[in-house]
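Contents: one structure, followed by commentary.
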């Protein structure tokens, strides 16, 4: 009996102490937001609840373990745990062509927009001026275009484009460095073969290869540049392009008969980096001299055949013996140049 009385007294004291609780503890669970300090307030006192912050999200409300929501003000009679509720932000990516909105897309925080492909007469679409991966705010991106001659035909392969044909009537052809967001890498075999219109071609610094017969028999072609990106000028690429007069060549390899029969060539500059000159590459050119860079390791048979005005082939003192041997082994006919060593 005495034991039961003691238990009743203890329970009464606990109940009494609960009834006399003067403060409550509010514990905040930010769920990814900035850390907040837990607070103690007077029981039943109305307070202004804090609003946490979280990048890419908007705070909605607090919730307790029973699913009750609290927004700005609340009062509590007992200790309570509150959990932050968030809504992920959405942003607008605006795609502009010139000063006009071409397309808009709503994108969830840290997601990517899906870009359109615009067009503009006389130009090739290169891409957009900003990245739009992992979007974190509203943004404007602008289309970037480059000049492109109408009539060029391009084919996509993997992540690049190939110039396959030209059906236009412009004399000056400008090949874009990018097309629909991808680089233009190749001039296909026979892409301009036997064209009787073009006089000048501008190659971008993305081209790495010019195909076989690509400009062969382009008899009115007088000027073309060879960008530093170029690796290969393939077989007969410019064969019988008889109006070419000057060349400055950047490429690792000049193929068989690459400039065969270019009878108006009076100046050829071979830049450092060229490794191979193919057989009959410059047959019948009208050059009087040429410098062979140190990078050359192969000169094909007859590379300078019928270059009857060729008097000197120059090279550096350091490479003189090696390059002279290459020239001697090329078995040149109808030309008899002297190999001369010069200071670099």
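In our numbering, the protein residues as written are 15 to 358.
Idealized CB from N, CA, C, for every residue including glycine.
What you are looking at is a predicted structure, and each value in this text was computed from that prediction instead of being measured.
Anyone know if the C-beta pair for residue 71 and residue 65 falls short of 8 Å?
-> no
Taking the continuous alpha helix (DSSP H) assigned at residue 343, which residues delimit it?
-> According to the DSSP assignment, residue 343 belongs to the alpha helix (DSSP H) that extends over 334-343.
Please confirm whether residue 67 and residue 47 have their CB atoms less than 8 Å apart.
-> yes
Residue of 337, 342, 324 and 340 minimising C-alpha distance to residue 351 | Of all alpha-carbon atoms in 337, 342, 324 and 340, the one lying nearest the alpha-carbon of residue 351 is that of 324.
Using the C-alpha atoms, what's the distance from residue 209 back to residue 281?
-> 23 Å
Return yes when the Cβ of residue 244 is within less than 8 Å of the Cβ of residue 252, no when it is not.
-> no
What span of residues does the beta strand (DSSP E) with residue 71 cover, start to end?
-> That run of the beta strand (DSSP E) goes 71-77.
Excluding sequence positions up to five away, which residues of its chain have a Cβ less than 7 Å from the Cβ of residue 36?
-> 56 and 57
For residue 169, which residues from the same chain have a beta carbon less than 6 Å from its beta carbon, with the 5 sequence-adjacent residues on both sides left out?
-> Within the same chain, residue 169 has close Cβ partners 176 and 178.
Please report how far the alpha carbon of residue 249 lies from the alpha carbon of residue 274, in whole angstroms.
-> 10 Å
Can you list the alpha helix (DSSP H) stretches of 4 or more residues lying completely in the stretch 280-329, in chain order?
-> Those alpha helix (DSSP H) runs which fall completely within the stretch 280-329 and span 4+ residues do not exist here.
State the start and end residues of the unbroken beta strand (DSSP E) segment that holds residue 258.
-> No beta strand (DSSP E) contains residue 258, which DSSP labels as neither H nor E.
Take the Cβ of residue 54 as the centre, count every other Cβ of all protein chains shown within 10 Å, and call the residue buried at 16 or more, exposed below.
-> Sixteen is the threshold: since fewer than 16 other Cβ atoms of the shown chains lie within 10 Å of the Cβ of residue 54, the residue is exposed.
Give a yes or no on contact between the stretch 281-298 and the stretch 309-320, applying the rule of three or more CB pairs nearer than 8 Å.
-> yes
Presumed contact (8 Å Cβ cut-off) between residue 155 and residue 109, rounded CB distance = 6 Å
Do you know how far the Cα of residue 333 is from the Cα of residue 149?
-> 56 Å
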